[in-house]
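Written out below as structure tokens is the structure these notes cover.
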Amino acid sequence: MTAVLQLRDVHRTHGTGEAAVHALAGVTLDVLAGELVAVMGPSGSGKSTLLNLAGGLDAPDTGEVLVEGLALSTLRRRELAGLRRRSVGYVFQALNLLPSLTAVENVALPLELEGVSARKARPLAEAALSEVELAGYAHRFPDEMSGGQQQRVAIARALVGQRRLVLADEPTGALDSVTGEAVLRLLRARVDAGAAAVLVTHEARHAAWADRVVFLRDGRIVDASGPLTQPEQLLETAS
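For what it's worth, my numbering labels the leading residue of the sequence shown as 81, then goes sequentially.
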């Protein structure tokens with residue numbers, strides 16, 4: 081399998097002087113096509129920073145991030161934006177749904193920005209909404225839906241089209257357990273079809289869906305394991 085995402089000795093510091101926070105300190109990680117990697121760790125360990133760098137939303141101070149073999153540091157701003165639209169799907173804690181667009185319009189937007197006609201993008205967006213059990217909500221605006229329904233719209237937007245890399249930051253945080261498990265099954269199915277995914281989670285039962293679990297502490301990978309029937313084991317060994 082080829083590596084879809086590669087982080088090479090990545091360092092990222094926020095702030096300067098005494099206020100500096102070393103969010104990542106020498107992280108090296110490969111995520112292969114067909115692989116779901118769960119990232120666990122306490123608050124402030126660098127999990128969200130890792131996702132931001134992986135998707136090109138932030139740049140490392142030193143080190144390199146590659147997506148499908150392309151070094152993000154070598155891309156112009158327009159090229160980087162195009163790569164994100166085509167190849168990377170995001171589900172972040174801030175859902176970033178546009179309030180003036182309906183659910184189906186929010187999901188179709190990345191496709192349309194990439195040049196797919198509205199006539200072709202709309203059925204793909206409707207299919208993605210159906211996958212997260214929101215077929216009847218396509219024409220509702222975000223403020224007409226619950227927090228959990230809005231989160232499922234964000235997940236549909238991340239998975240629509242042929243995304244090669246999916247980055248998910250606590251994607252089930254606003255969902256009940258049954259819906260959360262359904263979302264993880266959907267993410268797992270996309271990975272089994274050939275995508276690569278990074279899942280940040282505090283829930284050991286969610287990490288159990290992953291092929292590999294890495295544990296971050298103070299910006300460093302302190303432990304890693306293959307699939308675990310009880311991911312709590314990793315939390316215990318890394319403490």
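Every residue gets a Cβ at the ideal spot worked out from N, C-alpha and C, and that includes glycine. Only a predicted model underlies this, so the values are computations on that prediction, with no experimental measurement involved.
Cβ pair Gln242, Leu175 closer than 9 Å: Working through the sequence shown from its first residue, we reach residue 242 at position 162. Working through the sequence shown from its first residue, we reach residue 175 at position 95. Not in contact: Gln242 and Leu175 (Cβ atoms no closer than 9 Å).
As assigned by DSSP and simplified to three states, the class of Leu315: What you label residue 315 is simply residue 235 of the sequence shown in a count that begins at 1. Caution applies to Leu315, whose pLDDT of 44 falls short of 50 and renders its modelled position unreliable; the model cannot decide the point.
Buried versus exposed call for Glu115 [16 or more other C-beta atoms within 10 Å across all chains shown]: Counting from one through the sequence shown, the residue named residue 115 turns up at place 35. That one is buried.
Limits of the unbroken alpha helix (DSSP H) element including Leu175: Walking along the sequence shown from the start, residue 175 turns up at place 95. Leu175 -> no alpha helix (DSSP H), and no H or E assigned at all.
Euclidean distance between Cα positions of Tyr217 and Asn186: Taking the first residue of the sequence shown as position 1, residue 217 is located at position 137. Taking the first residue of the sequence shown as position 1, residue 186 is located at position 106. Straight-line spacing of the CA atoms in Tyr217 and Asn186 works out to 12 Å.
Exposure of Thr96, with buried meaning 16 or more beta-carbon neighbours within 10 Å: Numbered from 1 along the sequence shown, position 16 holds the residue referred to as residue 96. Flag for Thr96 reads exposed.
Other residues of its chain near Arg157: CB distance less than 6 Å, five sequence neighbours each side excluded: On the sequence shown, position 77 is the one that residue 157 refers to. Here the set comprises nothing.
Endpoints, beta strand (DSSP E) assigned at Glu144: Taking the first residue of the sequence shown as 1, we reach residue 144 at position 64. Element bounds for Glu144: Thr142 to Val147.
Strand pairing of Thr93, partner residues [DSSP]: Residue numbering aside, residue 93 sits at position 13 when the sequence shown is read from its first letter. DSSP output for Thr93 lists His102 as bridge partner(s).
CB contact flag (Gly162, Ala238, <9 Å): On the sequence shown, position 82 is the one that residue 162 refers to. On the sequence shown, position 158 is the one that residue 238 refers to. Against a cut-off of 9 Å, the Cβ pair of Ala238 and Gly162 comes out as no contact.
Contact check, His91 vs Gly143, beta carbons under 9 Å: On the sequence shown, position 11 is the one that residue 91 refers to. On the sequence shown, position 63 is the one that residue 143 refers to. In this structure, His91 lies near Gly143, with their beta-carbon atoms less than 9 Å apart.
Presumed contact (8 Å Cβ cut-off) between Gly299 and Ala105, rounded CB distance: Position 219 of the sequence shown, counting from 1, holds the residue named residue 299. Position 25 of the sequence shown, counting from 1, holds the residue named residue 105. The Cβ separation is near 4 Å, so the contact holds.
Between the CA atoms of Ala236 and Val263 - distance to the nearest angstrom: As a working mapping, residue 263 is identified with position 183 in the sequence shown. As a working mapping, residue 236 is identified with position 156 in the sequence shown. Going by the C-alpha atoms only, they are around 10 Å apart.
Cβ pair Ala139, Asp110 closer than 9 Å: Along the sequence shown, one-based indexing puts residue 139 at 59. Along the sequence shown, one-based indexing puts residue 110 at 30. No, the pair does not count as a contact, with Cβ atoms beyond the cut-off.
beta-carbon Ala198 near the ligand ATP non-hydrogen atom, thresh 8 Å: Annotation note on the ligand ATP: not contained in the displayed structure, which lists no ligands.
Beta-carbon proximity list for Arg268, same chain, < 6 Å, skipping 5 on both sides: To locate residue 268, count along the sequence shown from 1; it is residue 188. Cβ within range, chain order: Trp289.
Whether Glu44 touches Arg232 by CB criterion (9 Å): The shown model of the chain, from 81 to 319, leaves out residue 44, and the question about it has no answer.
Length of the line joining the Cα atoms of Ala234 and Asp223: Numbered from 1 along the sequence shown, position 154 holds the residue referred to as residue 234. Numbered from 1 along the sequence shown, position 143 holds the residue referred to as residue 223. Distance between the alpha carbons of Ala234 and Asp223: 14 Å.
Member of Thr108, Arg220 and His286 whose CA lies at the smallest distance from the CA of Leu130: The count along the sequence shown starts at 1 and reaches residue 130 at position 50. Considering only Thr108, Arg220 and His286, the residue with the shortest C-alpha distance to Leu130 is Thr108.
Neighbour flag for Glu192 against chain C, beta carbons, 9 Å: Included in the structure is just one protein chain, with no chain C present.
DSSP state of Gly169 mapped onto helix, strand, coil: As a first step, residue 169 is located in the sequence shown; it is residue number 89 there, counting from the start. When DSSP states are grouped into helix, strand and coil, Gly169 belongs to the strand group.
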